[in-house]
Structures are given as C-alpha cells and as structure tokens.
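Here is the structure we will look at.
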Amino acid sequence: MTDLNLKFITGRLEGNRLLEEYLAATPEACRFYGGHFAASDRLEKRAAEVDRRLDRQRAAAVLSSQRTFALVKNGGRRIAGFLEKRGFITTTGQQPVLFGGPLYIIYKCLTAIRMAAYAEQALGVPVLPVFWNASEDHDLAEAASLSLPNLNNELESLSVPAEAINNRPLCQVEVGPEVEALLTRFQEISPETEFRPWITGLLGTAYTRDRDLGLAFSTFIAALFADQGLFVVDACHPSIREGSRELFEREIFRAGESRLVIEQTSAELARSGYPLQIAIQPEDTSLFLIREGRREKLQTTGNENEFRLKASGDLIQAGELRRILENHPVSFSPGVMLRPLVEAHLFGSLCYAAGPGEISYYAQMGGLYELHGLGMPLIRPRLSGILLEHKIGRILEKYGLGAGDFRQGADALSGRLLGREGPTARLIAELGELRGQSAAALGRIRELALSADPTLAGPVSATSEALASSLSRLENRITAAAKKQNEVLVSQLGKAAVHLRPRGKPQERELAGIYYLVRYGAKLIDFLYEQAGVETD
Numbered sequence: 205m206t207d208l209n210l211k212f213i214t215g216r217l218e219g220n221r222l223l224e225e226y227l228a229a230t231p232e233a234c235r236f237y238g239g240h241f242a243a244s245d246r247l248e249k250r251a252a253e254v255d256r257r258l259d260r261q262r263a264a265a266v267l268s269s270q271r272t273f274a275l276v277k278n279g280g281r282r283i284a285g286f287l288e289k290r291g292f293i294t295t296t297g298q299q300p301v302l303f304g305g306p307l308y309i310i311y312k313c314l315t316a317i318r319m320a321a322y323a324e325q326a327l328g329v330p331v332l333p334v335f336w337n338a339s340e341d342h343d344l345a346e347a348a349s350l351s352l353p354n355l356n357n358e359l360e361s362l363s364v365p366a367e368a369i370n371n372r373p374l375c376q377v378e379v380g381p382e383v384e385a386l387l388t389r390f391q392e393i394s395p396e397t398e399f400r401p402w403i404t405g406l407l408g409t410a411y412t413r414d415r416d417l418g419l420a421f422s423t424f425i426a427a428l429f430a431d432q433g434l435f436v437v438d439a440c441h442p443s444i445r446e447g448s449r450e451l452f453e454r455e456i457f458r459a460g461e462s463r464l465v466i467e468q469t470s471a472e473l474a475r476s477g478y479p480l481q482i483a484i485q486p487e488d489t490s491l492f493l494i495r496e497g498r499r500e501k502l503q504t505t506g507n508e509n510e511f512r513l514k515a516s517g518d519l520i521q522a523g524e525l526r527r528i529l530e531n532h533p534v535s536f537s538p539g540v541m542l543r544p545l546v547e548a549h550l551f552g553s554l555c556y557a558a559g560p561g562e563i564s565y566y567a568q569m570g571g572l573y574e575l576h577g578l579g580m581p582l583i584r585p586r587l588s589g590i591l592l593e594h595k596i597g598r599i600l601e602k603y604g605l606g607a608g609d610f611r612q613g614a615d616a617l618s619g620r621l622l623g624r625e626g627p628t629a630r631l632i633a634e635l636g637e638l639r640g641q642s643a644a645a646l647g648r649i650r651e652l653a654l655s656a657d658p659t660l661a662g663p664v665s666a667t668s669e670a671l672a673s674s675l676s677r678l679e680n681r682i683t684a685a686a687k688k689q690n691e692v693l694v695s696q697l698g699k700a701a702v703h704l705r706p707r708g709k710p711q712e713r714e715l716a717g718i719y720y721l722v723r724y725g726a727k728l729i730d731f732l733y734e735q736a737g738v739e740t741d
C-alpha cells in the first residue's frame, strides 16, 4: 500500500488469441502491426516516417482551435515548441462516457501521456499527448451510463434515459435535467471527503446546460489532466472534418479500394487462425452522413452515381454528396475503420495507446494505412490492472485470497472457502468419498449387468446419473446452509467482489474513475502515472 492506502496490481489486457500473441511479440501476430511496439528502433523509424508527412501547422491549428485548449497547462508555449523543433504527437481516444466513464479511460490517458514523455526523451524533440474524443458516436449503451459502489458497497448504475439520445451523435445531445439529477445522485452516494468538492466542481463545470455531452466529456477530461498537458480534440469540431475532406472524398468515391484491402487483410488474419474484430459488410463504406441530427452509415449500391443511407434506405446521388462534402464537410463522420486514419492524417500519430478491442481491429487496418499513404502508429497496450483499497485488501488478507480469485465469482469463492475446514469441509469430503465409492460400485455393477443381460445397461446408467445428481444437490444444500450460518464471510466476499470483479467483469471496465477520485483526489492521477511506465514494456 502507498501513502494513499491504495495498491495497484498490474495486469495484462484480457482478449483474444491475436491480442495475447501480439503482447507476447510473436512474429505471426506482429506482422499485422508492422512489428512489435517495443522492438528496437521502432520508435525512431516511425518518427522518421511521420516527419516526412506530417503537416505540423495544420496539426497545431486543430489543437489550438479546440474549445478546451485554454485548459491545457502552457498549451500555447508547448505548441510553439512542437512547431519550432518539429515535434510529434501520441494519441489515444474514446467516445464520450458519462462523467468520465470507467477507470480504463483514465488508464488510456495516462498511457498516452507517459508515451509522450518517453518519446520526447528518446527523440529529443517535443511530443504532445492527444486524446481523441469520438463525440460523433451514437452508442447509447456505452456512453450514457456508469457504475460505482454506493455507501453500502452495493453496485449502483447512473444512466441517462435512452430517449434523451435517440441515435443522435453525442455532440448534438444537450446536457439536460436528467444529467444534472445524476450528478446530484453521485454526490448522495459518495463520502464527504476533502476531495469531493474538487471532483464535483470539475463535473459541475463540465456538465452544464449550455454544453452537449461531447463537449462536457472533453471539458472534464481536459480539466482532469490539465497539469499533465493532455490536449483533447473533439471529433465533431469543424477543423477535424474540414481537414479530413480529402480522406472522406476517397472513401466515398473509391470505397471499393478500401473494402478490397480490408477484405484481403481480414482473409489473411483468418488464414492465420485469428478472429476478426470487425465484420465488413459488402456495401458499407467507413463513413456516416449526418442528416437532421441522425447519423447514418453510407453504403454503395453498385451504381457509382448513387449511394444509400443504411438506416433509412434513402438514396442519394453522387453529385449531391460532392456538394455536401465541398460546402459542409461537418456533415460527414468517420466510422471505426476510418477514424484512426483521420488521426494519422491530421496528427501523424507516433504511437497509440490502445485497449484490447482496438488492438484487435488495428490488425485489420494495415492495408488501409498503405492505401492512403499513411503509416500505422506504434500500437501500445494501455495500462491495465486492479486498484486495491485498504478496506478490500484486509478482506483478501483475512481469507488468504488474491484479487484474481474473484474471477470465479463470490458465490463459488465462498463455497470454496467454506469447504476448507470445519463441519462443512468434513461433510463435503465425506460426500466426495461417497461419490467415488458409488461410481466404482456402479461401474462393477454395470459390467456384471452387461454380462448377464445387455438390456440392463440403460437402467444402470440412469441410476448412476440420478445418484450423481442427488449427491450434487445435497452438496449444494450443505453449502447453502453453511453460507447462511457464515453470513459475515459471504457478506465480506460479496463486498470485495463489487470492488474487484463487479458483475463478473474487470474492475477497469466497470467501475467509474470518479469513485476513486472522490476518495483519493488528484494524487490518484500521479500515483497511476507511475504505474503506466512504457519504458520497460
């Protein structure tokens, strides 16, 4: 434990075989990423590649035009140094999530910041960390809710009603009374610590009625990491769309080329036995068109002069798309496969701090980067692990457990502990012996029955299965009775599970960062920054 009474248990990202093999630096996986992120000279080679292509004046203009730019500590001076000394940019990103979202978003930000510091030292030029706020997204399930333990150590969810978003881009969804009510509820279920006024002040300033959910998220993230110099860009900002016009044009009118290279890379991944993170539909482009507040996927029709909007089925002529692109590029929004290219186009993207799903889908994108004359950034895994508070650590110590034991669930874990010693343990041991003895006896009976009359095999098997089922039910009842008599153990393990493996999911993906910020303040950011070391990966 630290002076914060807090411990961080460093872990590895959980994911599929491709992720595991990439993190292990196997050649078969790494070839889809241009090599392993920590390979010798990778950073220098990537920097040389970016240096030849990056329009730093445009990148600086985009960064300084953001509405949250004023929050960045020494932002103007740092951009001036970036321009003067031909600096670089590291990136990470996420769609807006209510009140800053789960812990992993903090981990992403800190990994990008730490990557920038490391690259700056290694390359000898300024490197700026940038967070891409994918505010054009309209995924309600991820964006509009978060979970945290309340004062009774019960997991509570705070959610914006679905009708408040209604498939609109989050940068067009205003902060309304339902969000203000959730902020009030957060204060009600949070302890009165010395840090609560600070974190509720940041949230209250960010989530006001003159803002949309995208800008509110940007403001909170920028304020939270202001001292660390994190630049936050809003994907809905006009400078992003205007600077991406040529990428959008190519995706619309040469969509077949993009689809072909994605299909080729996806087929190669499949031949190597790797799963595909993103399924590519034959008619889909990687662009959305925003009309009347709704974001719709743009599809090809087989006719080069005509396109279709996926949700409505409406047809739109190529000439009309050209007119919109020329006069109103903010009407277009990149999809998941195009967004990283927009980042690379505008910022160079020296390195990207990625989560497990992102690492998997970047493997499908190598051909796209080549098609657009861009290079894939170094894909580094974000920080991953478990925050262990002192109160939860005491429970683990009391029962001789590790945080990883909660993967099996609190119920199974309490049953396991109750089976270690005492009357319950002896009962379960006796049942185990009985199970073994009965299985052996029934095996002998089956052999004798088969030799006497083969038709007896079925009844003997049925009897064996029925006995095994009865013994299992009896064991479950014994365990349930023991749990009732050991309510303290069951309660404490349930409390620990809420904090370590809420709803059976990784803590970092389920628990809100603000739960810990209200308890540990800005020192939590400094503490986690030290855990996010990228130098020895």
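Okay, so the sequence shown: first residue is 205 according to our numbering, each after it adds one.
We put the CB at the ideal spot given by N, CA and C, even for glycine.
Within a Cβ cutoff of 7 Å, which residues of the same chain sit near residue i, ignoring the five residues on either side of it in sequence?
i: N690; result: L622
i: C440; result: S339, E340, P373, C375, G418
i: P330; result: R282, G285, F286, K289, G291, E324
i: A233; result: L222, E225, Y226
i: I590; result: I213, G215, A607, L704, Q711
i: Y617; result: First, the amino acid is wrong: residue 617 is Leu here, not Tyr. Cβ neighbours of L617 beyond the five flanking positions: D609, F610, L697.
i: L572; result: S462, V465, I466, M541, L545
i: I494; result: P373, S535, S537
i: S443; result: A265, V266, S269
Considering residue i, what are the terminal residues of the beta strand (DSSP E) in which it resides?
i: Q468; result: Run containing Q468: none in the beta strand (DSSP E); it sits in the alpha helix (DSSP H), 459 to 475.
i: L350; result: 349 to 353
i: E396; result: No beta strand (DSSP E) holds E396; DSSP gives it neither H nor E.
i: V334; result: 331 to 337
i: Q298; result: 292 to 298
i: I583; result: 582 to 585
i: E500; result: 498 to 504
i: Q521; result: 519 to 521
Mind checking residue i: buried by the 16 CB within 10 Å criterion, or exposed?
i: E712; result: buried
i: S448; result: buried
i: N531; result: exposed
i: T361; result: According to the sequence provided, residue 361 is Ser. The question's Thr does not apply to it. Flag for S361 reads exposed.
i: L652; result: exposed
i: R611; result: exposed
i: S490; result: buried
i: D431; result: exposed
i: V692; result: exposed
i: G506; result: exposed
i: S516; result: exposed
i: K312; result: buried
i: G497; result: exposed
i: D245; result: exposed
i: H594; result: exposed
So residue i and residue j are in contact, right, with Cβ under 8 Å, and what is the actual spacing, rounded?
i: Q503; j: E487; result: 4 Å
i: V254; j: G552; result: 4 Å
i: G279; j: F273; result: 6 Å
i: Y308; j: R586; result: 7 Å
i: V334; j: I293; result: 5 Å
i: L359; j: V694; result: L359 to V694, Cβ: 16 Å. No contact.
i: E455; j: S462; result: 6 Å
i: T296; j: Y556; result: 6 Å
i: Q391; j: T404; result: 6 Å
i: L575; j: A548; result: Incorrect: roughly 12 Å between the Cβ atoms, too far for contact.
i: L434; j: I317; result: 6 Å
Closer than 8 Å: is that where the CB of residue i sits relative to any heavy atom of the ligand FAD?
i: P395; result: The ligand FAD is absent from the structure shown, which contains no ligand whatsoever.
Just to confirm the assignment, what range does the alpha helix (DSSP H) spanning residue i have?
i: R318; result: 307 to 327
i: Q742; result: The structure shown has nothing for residue 742, since the chain only spans 205 to 741.
i: C234; result: 231 to 234
i: R413; result: Premise fails: R413 is in no alpha helix (DSSP H) and is neither H nor E.
i: P444; result: The amino acid occupying residue 444 in the given sequence is Ile; Pro does not appear at that position. 442 to 447 is the span of the alpha helix (DSSP H), which, as asked, contains I444.
i: K699; result: 691 to 704
i: G589; result: Premise fails: G589 lies in the beta strand (DSSP E), 589 to 593, not in any alpha helix (DSSP H).
i: I494; result: First-last for I494: 488 to 495, but that is the beta strand (DSSP E), not the alpha helix (DSSP H).
i: R512; result: R512 -> not in any alpha helix (DSSP H); beta strand (DSSP E) instead, spanning 510 to 513.
i: V254; result: 246 to 257
So, for residue i: in the same chain, excluding its five sequence neighbours on each side, which residues have a beta-carbon less than 8 Å away from its beta-carbon?
i: P395; result: L355, V722, R723
i: F492; result: E340, R499, E500, K501, L502, F536, S537, P538, G539
i: L168; result: What is shown of the chain runs 205 to 741, which leaves residue 168 out entirely.
Could you pull out every residue in the same chain whose Cβ sits closer than 6 Å to the Cβ of residue i, ignoring the five residues on either side in sequence?
i: G238; result: M580
i: L464; result: none
i: A558; result: I583
i: L600; result: none
Using 8 Å as the Cβ pair cut-off and three pairs as the minimum, do the stretch 300 to 308 and the stretch 419 to 430 touch? yes
Answer yes if the stretch 714 to 731 comes into contact with the stretch 346 to 362, meaning at least three C-beta pairs across the two stretches below 8 Å, and no otherwise. yes
Is it true that the stretch 376 to 388 meets the stretch 404 to 417, where meeting means three or more beta-carbon pairs spaced less than 8 Å apart? yes
With a threshold of 8 Å, are at least 3 pairs of Cβ atoms found where one atom belongs to the stretch 515 to 524 and the other to the stretch 466 to 482? no
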